[in-house]
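One structure is given here, and the rest of the page talks about it.
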Amino acid sequence: MKNLGLLIVVLVGAVLIYATTDFPPFGDPESPASLHVSPRYLENSLEETAVPNVVTSVLVDYRGLDTMFETTVVFAAGVACFLLLRVPRRRTPAPRQYRHRLTGLTFRIKDGGEISLPLQEFEPMESIWTPHDFIIEKVCCYLIPFIQLFGLFVIAHGHHSPGGGFQGGVILGASIILLSLSHDLRTALKRMGEKTSALFSTFGVLIYAGTGALCLLLGYNFLDYQALDPLLPGGPVMARYHGILLVEVGVGMAVMGTMIWIFRNLASRGRHEEGL
Amino acid sequence: MEEVLRLVVERYNYWIYITLMMIGLYALIAKNNLVKKIVGMNIFQTAVILFYVSIGVKKGATIPIIEHNYDMAHQAIRAADYVNPLPHVLMLTAIVVSVATLGVALAITIMVYHRYLTLEEDEILKQIRES
Chain G
31 MKNLGLLIVV LVGAVLIYAT TDFPPFGDPE SPASLHVSPR YLENSLEETA VPNVVTSVLV
91 DYRGLDTMFE TTVVFAAGVA CFLLLRVPRR RTPAPRQYRH RLTGLTFRIK DGGEISLPLQ
151 EFEPMESIWT PHDFIIEKVC CYLIPFIQLF GLFVIAHGHH SPGGGFQGGV ILGASIILLS
211 LSHDLRTALK RMGEKTSALF STFGVLIYAG TGALCLLLGY NFLDYQALDP LLPGGPVMAR
271 YHGILLVEVG VGMAVMGTMI WIFRNLASRG RHEEGL
Chain D
442 MEEVLRLVVE RYNYWIYITL MMIGLYALIA KNNLVKKIVG MNIFQTAVIL FYVSIGVKKG
502 ATIPIIEHNY DMAHQAIRAA DYVNPLPHVL MLTAIVVSVA TLGVALAITI MVYHRYLTLE
562 EDEILKQIRE S
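Sequences listed follow chains G and D, in order. In terms of the numbering used here, the first sequence opens at residue 31 and continues consecutively. In terms of the numbering used here, the second sequence opens at residue 442 and continues consecutively.
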């Protein structure tokens, strides 16, 4: 199998390298890919949408339908992970361990056992106990708000600088994932529950599709943001600008929710009790 | 000789991506461990992403953000001054989708491990045949 694989790989590689002799040279401004569609986008984007970042305007306006279904793919992947891995909470609680905060004594509760002591004095323990690292926890505590602020900036400033919904959403999701890595999964779940992350990803897709449907209701084509002119200030061109922002927020929410959702299901094998 | 050198200098970027892509393809075909196969798949995707982005490059061009003043006044736009935005758009979504597919692939791997208690392909096949 290894030799056969090597043979196939070498053959395919040789065919592909032979094919590159017909390709345009690297960095050629006259290459076929840059001659037909993209000059129109580059030259007209600023007049038509008032968005200087052509990547954003092409992503959300000219190719909006494509991006909507890409967002749906991301959402579908989150749902697929959920359906594959998530196990319902057990009717009888599993054996688990608690530590008394004041004395440091640890208790082990038998399978199906109940605890009758005041719970706020105890903290649940992982079955594989990892010591809390003070420096890492504190540094992450101070970093996470700034990471989230930067994520919001990337979403909101995607019209004028590199950025947008996908990038900002991933940064926001990474901040919550960092929280569950530096502390533990339970802390992160307390901050942002499973339902919240699932609702974020659902509502993100809904905002995107809803914006498109709103354009439809106002008598224009699906995702033709010019239709939002009566609802938003600044004329038809600025309506496109604001419509793009609306959709970017939706994309950011969907991506953020899905990233967190996928991570939690993977890290705890669908139990959402203890994980990385 | 000069012809060959020109060929190498103008197109070596494609050869790098093809090498990367073939490394990924080899991992997909020949590796026995499912996680290594997933790593191979990601290397393959990265090669495709690099390939697309390199198609958009124009020599002497800048990023596709149109220069403008605060009131959106701008000079005449020459398409040759800005790199091709289309490959960037396509790959932007492809990166996020590749993360999503990676998540699903890992979820399936976890389920496979849960059931067969191994990630080696030949051992899984043996267990399937025996049962």
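Each residue gets a CB set at the ideal place from its N, CA and C atoms; glycine is no exception. The model shown is predicted, which means the values in this text are computed figures rather than measured ones.
Query: If the criterion is Cβ atoms closer than 7 Å, does the pair G/Leu155 and G/Arg129 meet it?; Result: As written in the sequence, residue 155 of chain G is Met, which differs from the Leu given in the question. Yes; because the gap between Cβ atoms is below 7 Å, this pair is in contact.
Query: Whole angstroms is fine: what's the gap from G/Leu219's alpha carbon to D/Ile484's?; Result: 32 Å
Query: Does DSSP put G/Gln24 in a helix, a strand or coil?; Result: Since the first residue of chain G shown is 31 and the last is 306, residue 24 of chain G is not available in this structure.
Query: Please classify G/Met155: does DSSP put it in a helix, a strand, or coil?; Result: strand
Query: Taking contact to mean 3 or more Cβ pairs, one atom from each stretch, closer than 8 Å, check whether the segment 281-300 of chain G and the segment 201-215 of chain G are in contact.; Result: yes
Query: Quick one: is D/Tyr511 near chain G, going by C-beta distance under 7 Å?; Result: no
Query: How is the beta strand (DSSP E) around G/Thr136 delimited, first residue to last?; Result: 136-139
Query: What whole-angstrom Cβ distance do G/Thr100 and D/Thr534 have, given they're in contact under 8 Å?; Result: A small correction: the amino acid at residue 100 of chain G is Glu; Thr does not occupy that position in the sequence shown. Indeed they touch by this definition, with Cβ atoms about 4 Å apart.
Query: Are the Cβ atoms of G/Arg119 and D/Ile551 separated by less than 7 Å?; Result: no
Query: Would the beta-carbon of G/Glu278 fall within 7 Å of that of G/Gly181?; Result: no
Query: Is the segment 506-521 of chain D close to the segment 467-482 of chain D, with three or more CB pairs under 8 Å?; Result: no
Query: Closer than 7 Å, CB to CB, is G/Glu57 near chain D or not?; Result: One point to set straight first is that residue 57 of chain G is Gly, not Glu, in the sequence displayed. Yes - at least one Cβ of chain D is within 7 Å of the one on G/Gly57.
Query: Are the C-beta atoms of D/Ile457 and some chain G residue less than 7 Å apart?; Result: no
Query: Roughly how many angstroms lie between the CA atoms of G/Gln127 and G/Asp163, to the nearest whole one?; Result: 20 Å
Query: How far does the alpha helix (DSSP H) with G/Ser68 in it reach, from first residue to last?; Result: 68-79
Query: Whole angstroms is fine: what's the gap from D/Tyr455's alpha carbon to G/Ile47's?; Result: 8 Å
Query: For the alpha helix (DSSP H) containing G/Phe176, list its first residue and its last residue.; Result: 164-186
Query: G/Met31 touches chain D at which residues, Cβ-Cβ below 7 Å?; Result: Ala471
Query: Would the segment 489-506 of chain D count as touching the segment 76-86 of chain G if we require 3 or more Cβ pairs under 8 Å?; Result: yes
Query: Give me the chain D residues within the contact set of G/Ile274, using Cβ-Cβ distance strictly less than 7 Å, ordered along the chain.; Result: Simply none; closest approach about 13 Å.
Query: Kindly indicate which three-state DSSP category D/Glu508 falls into: helix, strand or coil?; Result: coil
Query: How big is the Cα-Cα spacing for G/Ser231 and G/Phe105?; Result: 6 Å
Query: Check each residue of the segment 57-88 of chain G: if its Cβ is closer than 8 Å to any Cβ of chain D, include it; give the result in chain order.; Result: Gly57, Asp58, Pro59, Ser61, Ala63, Ser64, Val67, Ser68, Pro69, Tyr71, Leu72, Glu73, Ser75, Leu76, Ala80, Pro82, Asn83, Val84, Val85, Val88
Query: Would you call the segment 254-261 of chain G in contact with the segment 163-177 of chain G, where contact means no fewer than 3 C-beta pairs closer than 8 Å?; Result: no
Query: Spell out whether any CB of chain G is found under 7 Å from the CB atom of D/Gly465.; Result: no
Query: Counting only beta-carbon separations shorter than 7 Å, does D/Val498 have a partner in chain G?; Result: yes
Query: Interface residues of chain D around G/Leu114 at Cβ under 7 Å?; Result: Ala548, Ile549, Met552
Query: Apply the 10 Å Cβ neighbour rule to G/Ser68 and answer buried if 16 or more other Cβ atoms are within range, or exposed otherwise.; Result: buried
Query: Does any residue of chain G bring its CB to less than 7 Å from the CB of D/Arg452?; Result: yes
Query: For G/Tyr307, does the three-state DSSP call read helix, strand or coil?; Result: Outside the displayed span of chain G (31 to 306) sits residue 307 of chain G, for which this structure offers no information.
Query: State the DSSP-derived secondary structure class of D/Glu561, mapped to helix, strand or coil.; Result: strand
Query: Let me confirm a value: G/Tyr172 is counted as buried when at least 16 other C-beta atoms fall within 10 Å, else exposed. Which label applies?; Result: exposed
Query: Please look up how many angstroms separate the CB atoms of D/Gly544 and G/Leu296, rounded, as I've assumed it's under 8 Å.; Result: 6 Å
Query: I need the DSSP call for G/Thr133, collapsed to helix, strand or coil.; Result: coil
Query: So that I know if they touch, is there some Cβ in chain D lying closer than 7 Å to that of G/Thr241?; Result: no
Query: So D/Asn525 contacts chain G; which residues on that side make the cut at Cβ distance below 8 Å?; Result: Ala63, Ser64, Ser68
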